[in-house]
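Residue numbers (the numbering used here): 68 to 527.
Beta carbons are placed, not taken as given, at the ideal position from N, Cα and C, and that holds for glycine.
Take a look at the structure below.
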């Protein structure tokens with residue numbers, strides 16, 4: 068009966084000042100909700116990155132052409148060649164025994180149009196049929212490219228789903244021909260892919276990739292029709308670059324051989340060997356350090372996956388610490404309010420002590436009030452925290468509907484991440500909120516219990 072009566076008295080005391088109690092609860096509410104929200108957003112970002120890396124394939128090695136620093140190409144007066152060569156592709160296939168397959172890829176930006184409709188900026192991708200399997204691109208209508216298309220250099224193409232919707236909003240694109248203005252070529256559409264969300268950049272290794280504007284053609288056709296030149300205009304001058312292949316995706320026969328194969332690839336292409344462990348911090352000791360290529364990079368998804376797991380743990384801890392600061396601020400707010408309450412109720416405390424209330428009764432009463440505030444704030448914060456995914460999704464939908472220009476300017480990770488509520492964070496956040504109420508309410512409660520009853524009765 069004592070505890071029930073104490074809880075009832077505590078709640079009644081809080082209801083005498085509803086606005087003050089509401090503001091105090093608000094601090095705990097924000098703290099608990101921010102813990103759940105930040106951890107959910109962090110988990111969503113981490114899992115998105117992990118899915119992207121896993122989507123690259125744990126048994127794959129990705130070799131990329133990278134534009135070298137400007138100082139390394141200063142001596143060229145004509146076209147600037149860089150990146151992977153077709154002969155290097157042939158050399159990798161011939162000399163590395165652990166390869167199961169090798170997929171060459173060539174990319175170039177082009178404007179795609181149909182009929183008299185406005186042209187659309189797109190990415191022309193020259194590839195082989197295996198590319199769709201490796202990148203997990205699903206067909207929606209029609210068919211994929213075939214080996215016969217590559218061997219016979221057919222003028223066929225497969226469109227990304229969103230690009231097909233933009234070019235053909237009212238008709239079926241299969242069998243129609245799109246036009247590439249720069250090269251003045253027509254390509255017949257044989258397939259349309261399902262929608263694929265863009266991928267964000269993964270560390271400093273892989274750049275963000277948006278599949279929405281892709282046009283896939285046989286790599287042999289791209290070489291025959293367009294060639295290896297990339298011409299860009301800068302003011303009144305033109306910049307000419309020569310790139311034979313943008314990427315080679317190597318599939319290894321087993322995951323155990325991935326890292327060994329990656330070292331062989333680096334050695335074959337004349338790249339700097341990857342330093343591991345204690346060797347990573349050792350400086351170059353030779354008088355004339357060996358110069359390695361800077362126009363090719365090797366990315367190993369298996370290594371990125373391990374890095375992503377470590378980064379995920381660190382990110383979750385960091386986000387939790389930030390949210391814990393919000394709870395700390397809420398606890399300080401509780402202590403300030405309760406200290407003011409003790410001062411206001413000094414005479415009441417004196418009367419209770421004079422009528423026989425012990426110090427433990429006074430401490431219990433004030434702790435009940437602070438714990439009640441923490442419980443209410445914690446529960447409302449938990450409820451609001453569970454609404455994190457639909458609220459963020461609704462915000463993005465509204466922004467996309469009413470301010471699409473602003474939506475386009477947002478980073479890819481903001482536009483694509485889906486928060487995932489980590490259920491373990493809910494009891495932790497709620498438990499911390501109750502603990503905050505006890506810790507920060509203890510000092511005001513002890514201060515009230517230690518008051519001299521005679522001095523308290525004299526207080527006006």
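At what residues does the beta strand (DSSP E) containing residue 283 begin and finish?
Start and end: 281-285.
Quick one: what does DSSP say residue 466 is sitting in, helix, strand or coil?
DSSP places residue 466 in helix when its eight states are reduced to three.
Under 8 Å between C-beta atoms of residue 286 and residue 193:
A distance below 8 Å separates the beta carbons of residue 286 and residue 193.
Would you mind reading off the limits of the alpha helix (DSSP H) that contains residue 132?
Note, residue 132: premise wrong, no alpha helix (DSSP H); beta strand (DSSP E) at 127-132.
Look up residue 153 in the DSSP assignment and say whether it is helix, strand or coil.
Residue 153: helix per DSSP, three-state reduction.
Just to confirm before moving on: does the CB-CB distance between residue 312 and residue 191 stay below 8 Å?
Pairing residue 312 with residue 191 gives a Cβ-Cβ distance that is not under 8 Å.
Straight-line gap, residue 271 to residue 87 (C-alpha atoms, nearest Å):
Any reading at residue 271 must be qualified, since the residue scores a pLDDT of 47, below 50, and its modelled position is unreliable; no value is offered.
Below 8 Å, can you find three or more Cβ-Cβ pairs linking the region 408-417 to the region 489-502?
No, the region 408-417 is not in contact with the region 489-502.
The alpha helix (DSSP H) that contains residue 477, what's its start and end?
In the DSSP assignment, residue 477 falls outside any alpha helix (DSSP H), carrying neither H nor E.
Straight-line CA distance for residue 153 to residue 128?
The alpha-carbon atoms of residue 153 and residue 128 are separated by roughly 17 Å.
Near residue 419, what residues of its chain come up, given a Cβ to Cβ distance below 8 Å and the 5 sequence neighbours on each side ignored?
Within the same chain, 428, 429 come within 8 Å of residue 419 by CB-CB distance, once the 5 residues on both sides are set aside.
Element boundaries [beta strand (DSSP E), containing residue 278]
No beta strand (DSSP E) contains residue 278, which DSSP labels as neither H nor E.
Residue of 173, 281, 373, 242 minimising C-alpha distance to residue 118:
If we check each option's Cα against that of residue 118, 373 comes out closest.
By a C-beta neighbour count over all protein chains shown, 10 Å radius and 16 as the cutoff for buried, is residue 405 buried or exposed?
It counts as buried.
For residue 455, list the residues DSSP reports as bridge partners.
In the DSSP assignment, no residue is bridged to residue 455.
Three-state secondary structure (DSSP) at residue 164?
Reduced to three states, the DSSP call for residue 164 is coil.
Three or more C-beta pairs closer than 8 Å, one from the region 506-515 and one from the region 465-480: is that the case here?
The region 506-515 is not in contact with the region 465-480.
Of all the options 260, 320, 310, 105, which has the alpha carbon lying nearest to the alpha carbon of residue 160?
The shortest CA-to-CA distance from residue 160 to any of 260, 320, 310, 105 is the one to 320.
Is residue 170 helix, strand or coil when you go by DSSP?
If DSSP states are grouped into helix, strand and coil, residue 170 belongs with the strands.
Check each candidate in 399, 215, 227 and name the one with the smallest Cα separation from residue 202.
The option with the nearest alpha carbon to residue 202 is 227.
Own chain residues within Cβ distance below 6 Å of residue 484, not counting five before or after:
111, 112, 115, listed in sequence order.
Report all residues from its chain with a CB closer than 7 Å to the CB of residue 67; omit the five preceding and five following residues, and keep chain order.
For the chain, the structure presents residues 68 to 527; residue 67 sits outside this window and is missing.
Let me make sure I understand the geometry here. Which of 100, 261, 291, 294 has the alpha-carbon closest to that of residue 281?
Per the Cα distances, 261.
In angstroms with no decimal places, state the Cα-to-Cα distance between residue 198 and residue 500.
Taking the straight line from one Cα to the other gives about 51 Å.
Once the 5 residues before and after residue 176 are set aside, which same chain residues still bring their CB inside 8 Å of it?
Closer than 8 Å at the Cβ level, and outside the excluded window around residue 176, lie 188, 189, 190, 191.
Just grab the DSSP bridge partners of residue 258 for me.
Residue 258 pairs with 209, 225.
Measure from the alpha carbon of residue 150 to the alpha carbon of each residue in 315, 523, 326, 251, then state which is nearest.
It is 315 whose Cα lies nearest to the Cα of residue 150.
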